[in-house]
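To keep things clear, I will list the structure first and then write my remarks on it.
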Amino acid sequence: MQRTIRKVLVANRGVPAVRIMHTCRDRKIPTTAVYSTPDRLAYHVFMADTAIHIGEAPPVESYLNAGRIIDAALCSGANAIHPGWGFLAENADFAQQVNDAGLIWIGPSPEVIRLMGDKIRAKELAKRSNVPTIPGIDNVTSVEQISDWMRDDDVTFPIMIKAAAGGGGKGMLKVDRPEQIAQALAQARSEAKKFFGNDIVLAEKYIEQGRHIEVQIVADEHQHVVHLFERECTLQRRNQKIIEEAPSTLENDLRQEICVTAARLMRRIGYTSAGTVEFIFDPATQSFYFLEVNTRLQVEHGITELITGLDIVSIMLDVAEGKPLPIKQLNVVPNRWAIEVRLNTEDPKSFGPSFGTITRLRAPMGPNVRVLLGTTEGEDVSPYYDSLFMLLMASGADRPDALRVMDRALTGDLRVEGVKTLAPLLLSIIRHPQFISGDFSTNFIEQHLPELVSGFRESTSEDEMLRVAQYVAEISALGPQSWM
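879 is the number of the first residue of the sequence shown in the numbering used here; add one for each residue after it.
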């Protein structure tokens, strides 16, 4: 059924909110921003056509308050809601409430979100769809269950215990020895209850030296499912991605197999809108295993857009209006290589949070650089929300070319002062010989952190000379001052 989106409320903040608003501007669709008290001067608030205050700083009082968000949409004249990523993006109850309020939900159906949000049910469905899955055991409640499973199925350490309803690295713990099982199980169940309101956990074989491969899917209400090829999301810390690239370095036959497998699964579950099927790839056996389906727009969708020339958010709007996909599988022909780094306000040595005011912010520019900013100079970094403030992407004719552009972007125009960022670590990674050669796994940062940190560029006498030169230039331009 055809529907018309007249105005979109973006149920998010920062980088994801800004990203959705960019496409809405392209399509001449007005937007409504929602904001908490500390976000009243935030970048996304000024980008929107209208903005509505929805509560205080704690997310449960603002960005996780479904009722206030829906009221804001109705009050502002928005007839559609896009959740971005994070917060309520994969909340089936919220999606259903949006539909029940007579609004258009820009995303997959509540039923599919609920189904794929349960890792145990999702894994069972993958098995029935002939999609390879990691050996594991569901509904774990005791150490004995795990010990019996490992003995009966001849599973060796390490293993992973993780929340059945989890995501984003929360409620996931690697176990290397038998004596760690009890504590890991208790901690995983505790984190699962805290973050997802559900303490059901599962245990799986941990793939050593695994690589994280995900396939971008778009699908409409007319049974059309198209894959936009795969992304490499192997570089992680604390089970959260830090660098992504598209395509991956898989051989072409494996690439075709994993992409077709992902599309088949999404067709089987009746998926619509944009979504991602995640796999773990074992280089030792050249095998891949299903991990989960992300029923939302992924942070790293931009690199797929760069290599395909498509706007995934625009496709989501088309699907939400009941239109068929604007592309067919044969039309999708990647002809570039793209790399994305996530710039978080964190200490690059310890990953500890860095709060404060961004006193200076200059984004990189130049050929083949794409920047998505979620903040502006002078904004405060809040302890209440995600520390991501910029997505920096670089593209090139091939991988070495894209890496050269990223190196230039990180060392050229990028300037961030007032808070610490991950930029020094990201630069060390993309310059590391093993990363350049494609020889890395999900353990890369953990294994090489001391070496990566030692590669950080410290302040030099040349830097000091540049500061003095800048000071002299400013005084020359302003003339003698009263304090001189």
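Note that CB positions come from ideal geometry on N, CA and C, so glycine has one too.
By the Cβ-count criterion, Phe-1318 is buried, with 16 or more other Cβ atoms from all chains shown falling within 10 Å of its own Cβ.
Per the C-alpha coordinates, the member of Asn-1222, Leu-942, His-1105, Val-1294 positioned closest to Gly-962 is Leu-942. Distances from the alpha-carbon of Asp-1264 to those of Thr-882, Pro-936, Ala-979, Ala-951 put Pro-936 closest. Spatial neighbours of His-1179 in its own chain (CB-CB distance under 6 Å, excluding positions within 5 residues in sequence) are listed in chain order as Ile-1190.
The distance from the Cβ of Thr-910 to that of Ala-944 is about 15 Å, inconsistent with a contact at the 8 Å cut-off.
In this model, Thr-1139 and Val-1009 are separated by some 7 Å (Cα to Cα). The secondary-structure analysis by DSSP pairs Thr-1235 across a beta bridge with Asp-1258. Annotated three-state conformation of Asn-1017 is strand, per DSSP. For a cut-off of 8 Å, the C-beta gap from Glu-934 to Ser-954 is around 20 Å, too long to register as a contact. Listed as beta-bridge partners of Glu-1022 by DSSP are no residues whatsoever. Of all C-beta pairs linking the region 990 to 1000 to the region 1167 to 1177, three or more are shorter than 8 Å, placing the two stretches in contact.
Under DSSP, Trp-983 takes part in a beta bridge, and its partners are Ile-959.
In the assembly as shown, Lys-1119 is a buried residue. Its beta-carbon has 16 or more other beta-carbons within 10 Å.
Under the three-pair Cβ rule at 8 Å, the region 1007 to 1021 counts as touching the region 1137 to 1153.
Under DSSP, the beta-bridge partners assigned to Glu-1156 are Glu-1092, Glu-1170. Here Gln-1114 is buried. Its C-beta has 16 or more other C-beta atoms within 10 Å. At a Cβ-Cβ threshold of 8 Å, Ile-932 and Arg-946 count as neighbours.
In this structure, Arg-1220 sits away from Asp-1291, with a CB-CB distance that is not shorter than 8 Å. Counting only the Cα atoms, Ala-1043 lies some 9 Å from Gly-1075. Restricting attention to Pro-1056, Asp-1077, Gln-1058, Glu-1057, the CA atom closest to the CA of Ala-1066 is found in Asp-1077. Of Glu-1295, Val-1331, Val-1021, the smallest CA-CA separation from His-1310 is found for Val-1331. In terms of Cα proximity to Ile-959, the closest of Thr-1237, Arg-1055, Gly-1187, Ile-907 is Ile-907. C-alpha of Met-1243 to C-alpha of Leu-1251: approximately 13 Å in a straight line. Rounded to the nearest angstrom, the gap between the Cα atoms of Gly-1234 and Pro-1302 is 19 Å.
Listed in chain order, the non-local C-beta contacts of Gly-1148 below 7 Å within the same chain comprise Val-990, local neighbours out to five positions each way being set aside. Spanning the alpha carbons of Ile-1185 and Arg-1029 requires a straight line of approximately 46 Å.
DSSP places Ile-1217 in no alpha helix (DSSP H) but in the uninterrupted beta strand (DSSP E) bounded by 1215 to 1222. Around the beta carbon of Asp-1098, a 10 Å sphere encloses 16 or more other beta carbons of the protein chains shown; the residue is thus reported as buried. Residue pairing of Lys-1001 in beta bridges, as defined by DSSP: absent, with no partner found. Residue burial annotation: Phe-1313 is buried, with at least 16 other C-beta atoms found within 10 angstroms of its C-beta. Rounded to the nearest whole angstrom, the C-alpha separation of Val-1249 and His-1090 is 24 Å. Distance between Gly-1047 and Glu-1329, taken at the CA atoms: about 24 Å.
Per the DSSP secondary-structure output, Ser-1265 pairs with nothing in a beta bridge. In this structure, the straight-line span from the alpha carbon of Glu-1057 to that of Arg-891 is close to 42 Å.
By DSSP's assignment, Arg-1109 forms a beta bridge with Glu-1092. For Gln-1118, the secondary structure class from DSSP, reduced to helix, strand or coil, is strand.
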